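Under the UniProt record's numbering, the first residue of the sequence shown carries the number 1, and numbering increases by one thereafter.
Ideal placement from N, C-alpha and C gives every residue a C-beta, glycine not left out.
Note that the structure is a prediction, hence the values are computed from the model and not measured.
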Amino acid sequence: MKKNNNKVWIAVIAVLVVVIAALIVVLVRRKPKDDVEKVTSEEAIQTETEATPETASDATEAATTEAQATQDCFVKVTNSNSWESANGYSGQLDSTITNKTSGALKNWEIRMTVPDKTTLDSSWNGTFKLDGTTLSVKCVDYNAEVPANGNLKDIGVIVTVPSQADLKAICDSAVLYVDGKEYKGSSASSTTEATEAKEETKPKEKTEPESGTPVDNHGKLTLKGTDIVDKNGDKYQLKGVSTHGIAWFPEYVNQDAFQSLRDDMGANLIRIAMYSGENNGYCTGGDQKQLKELVKTGVDAATNLGMYVIIDWHVLGDQNPQTYKEEAKAFFEEMSSLYKDYDNVIYEICNEPNGGTTWADVKSYAEEVIPIIRKNTKDALIIVGTPTWSQDVDIAAEDPVTGYDNIMYAVHFYAATHTDNIRNKVTTALSKGLPIFVSEFSICDASGNGAIDYDQAAKWFDLIDSNNLSYAAWNLSNKAETSSLIDSSCTKTSGWTDEDYSETGKWLKKQMHGEN
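Here's what the structure looks like:
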């Protein structure tokens with residue numbers, strides 16, 4: 001019985017061993033459903049995650065390429081200045097073409113839609129055409145190409161339109177064509193302008209005042225090449241202020257006023273502007289005796305202060321200096337005889353020839369007036385105006401007055417209107433050896449009463465200072481216009497502080513002190 005029981009237990013154990021072994025095999029071979037689903041889900045997510053960036057990138061790249069295609073080149077037209085005129089509103093429109101491609105763009109054209117009764121007043125750096133309600137500008141030889149990854153600036157025009165709102169509408173309508181292909185992109189131009197990097201500029205050294213007066217220190221000035229040099233042969237730069245027409249603002253022609261300009265503003269030069277034409281001009285109804293007395297008062301005041309002084313025959317409304325040539329000859333005979341022994345007196349014989357006056361007209365006039373001055377003073381500096389409101393110094397450089405020393409040529413600019421187009425003329429003239437004097441300028445537009453352009457003013461003074469050009473700022477008065485140096489609310493005629501200067505006056509003071 002015991003033997004049989006042992007056999008039973010052995011059999012039971014054997015069966016259990018077999019069952020357990022079978023269960024182990026099943027468990028080892030089986031993968032739980034949850035685990036399978038988890039792994040599958042993770043693999044799917046991983047695959048999707050890896051695929052999504054690639055797909056998104058492709059889509060973004062396609063969209064970017066399409067958008068970029070419309071922004072590779074574009075034009076932006078801005079209304080930089082505007083003013084009310086007799087026939088509506090006049091405005092200066094400046095165009096900039098931007099090229100973001102790797103190749104140069106050639107044969108460009110800009111078209112703008114303008115309202116009826118638009119007139120085209122003046123233009124530069126392009127061939128402008130007004131045809132009905134379309135204003136177009138085509139490239140000229142020297143700016144036919146827009147460089148790769150660069151831009152073309154200072155394509156300008158002044159138009160007169162019925163209303164001020166028309167000026168903005170013209171800007172917004174601008175379309176660029178390159179070889180007949182149309183490019184819009186004014187929105188792109190805004191982005192480009194906002195992100196365009198500024199060039200680094202070196203800080204200017206502050207000008208330290210000299211001890212002693214300018215004339216005491218530097219004496220009679222002469223020319224060496226294109227440079228003004230002093231009695232020691234050293235380069236010297238005249239920095240000064242022009243009066244307004246002395247017939248209209250005689251109260252500013254006084255010694256205290258000039259001393260304020262010298263001591264506070266840093267001026268070493270005064271320009272006395274006596275209009276030859278205009279209302280109450282020397283030759284158009286003005287009191288000639290009184291005007292000459294004002295000139296003498298100004299010269300005496302400047303001399304007492306040791307400042308240099310320009311006697312300016314201010315041709316403007318009379319346009320051609322030939323108009324009142326005989327009066328000019330008599331005037332300069334008297335002035336040069338009176339001041340023949342003065343080391344500080346400079347003669348400007350025709351402010352701004354204009355209205356179609358040619359260089360031949362001006363040169364012929366100068367060849368009659370200069371000998372009269374030279375008869376009395378052998379080496380005083382003489383400034384000759386140039387055509388187109390004293391802008392065409394490059395034309396004068398082709399055929400300058402000969403036979404006399406110490407002859408200079410006037411260039412005038414108003415920074416918001418006259419930009420690279422006039423600076424290029426100056427550079428050309430200097431390269432041909434023509435001595436240039438900036439005998440009138442301001443930092444607003446050519447009307448004398450528009451917006452200030454500080455950036456263009458800075459570019460002008462980079463050129464002026466790098467070439468040792470002398471200058472006189474327009475104008476010493478409190479007339480309610482941008483170019484006036486005294487604020488219109490100030491009634492002082494001397495002893496000004498910073499609060500009394502206009503924005504232009506404050507800028508000029510900083511410029512003369514080397515702080516801009």
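| Asked | Found |
| --- | --- |
| Contact set for Lys506: own chain, Cβ-Cβ below 8 Å, skip 5 residues either direction | Asp498 |
| Distance between Gly317 and Asn478 (C-alpha atoms, nearest Å) | 22 Å |
| Sequence-distant residues of the same chain with beta carbon closer than 6 Å to Val77, five excluded per side | Leu93, Ser95, Cys171, Ala174 |
| Nearest neighbour of Val449, chosen from Ser90, Asp121, Cys283, Asp72 [CA to CA] | The residue asked about is misnamed: residue 449 is Asn in this sequence, not Val. Of the listed residues, the one whose Cα sits closest to Asn449 is Ser90. |
| Under 9 Å between C-beta atoms of residue 530 and Asp166 | As shown, the chain starts at 1 and ends at 516. That puts residue 530 outside it, with no answer to give. |
| Extent of the continuous alpha helix (DSSP H) run through residue 530 | It is not possible to answer for residue 530, since the shown part of the chain is limited to 1 through 516. |
| DSSP-derived helix/strand/coil call for Ser466 | helix |
| Thr323 versus Ala410: straight-line alpha-carbon distance, rounded | 19 Å |
| The stretch 300 to 314 contacting the stretch 237 to 247, beta-carbon criterion three pairs below 8 Å | yes |
| The stretch 411 to 422 in contact with the stretch 362 to 378 per 3-pair CB rule at 8 Å | no |
| In DSSP terms, what Asn99 is bridged to | Cys73, Gly150 |
| Buried/exposed call for Thr491, threshold 16 Cβ in 10 Å | exposed |
| Nearest residue (CA-CA) to Ile395, options Gly403, Lys296, Leu430 | Leu430 |
| Range of the contiguous alpha helix (DSSP H) that encloses Thr133 | Counting along the chain, Thr133 falls outside any alpha helix (DSSP H), and DSSP gives it neither H nor E. |
| Distance CB(Leu135)-CB(Thr160) smaller than 9 Å | no |
| Residues near Thr47 in its chain [Cβ-Cβ closer than 6 Å; skip 5 each side] | In this predicted model, Thr47 has a pLDDT of only 37, less than 50, meaning its place in the structure is not dependable; the value taken from the coordinates is given anyway. Nothing meets the Cβ criterion. |
| For Ile372 and Glu333, believed in contact at Cβ under 8 Å, the rounded distance | 5 Å |
| Backbone secondary structure at Trp124 - three-state DSSP | strand |
| Backbone secondary structure at Trp389 - three-state DSSP | helix |
| Proximity of residue 517 and Gly266 at Cβ, strictly below 9 Å | Here the chain has residues from 1 to 516 only, and residue 517 is not among them. |
| Separation of Asn254 from Trp496, as counted between CA atoms | 14 Å |
| For Trp359, the first and last residue of its enclosing alpha helix (DSSP H) | 359 to 376 |
| C-beta atoms of Asp263 and Pro435 nearer than 9 Å | no |
| Residue from Pro250, Tyr183, Glu440 whose Cα sits closest to the Cα of Arg111 | Tyr183 |
| Residue from Leu176, Ala472, Phe437, Val426 whose Cα sits closest to the Cα of Ile443 | Ala472 |
| Alpha-carbon spacing of Glu440 relative to Asn344, whole angstroms | 18 Å |
| CB-CB length for Ile155 against Asn125, believed under 8 Å | 5 Å |
| 8 Å contact criterion, which Ser337 and Ser494 should meet: CB distance rounded | The pair is not a contact, with the Cβ atoms about 30 Å apart (cut-off 8 Å). |
| Backbone CA spacing between Gln511 and Val295 [nearest angstrom] | 27 Å |
| Leu508 - DSSP class collapsed to helix/strand/coil | helix |
| Distance between Ile486 and Tyr501 (C-alpha atoms, nearest Å) | 4 Å |
| Option nearest Trp83 by Cα separation, candidates Met274, Ser163, Ile270 | Ser163 |
| Environment of Tyr342 [buried if 16+ CB atoms lie within 10 Å] | buried |
| Rounded distance between the beta-carbons of Ile272 and Gly298, thought under 8 Å | 4 Å |
| Three-state secondary structure assigned by DSSP to Gln319 | coil |
| Delimiting residues of the alpha helix (DSSP H) encompassing Thr427 | 420 to 431 |
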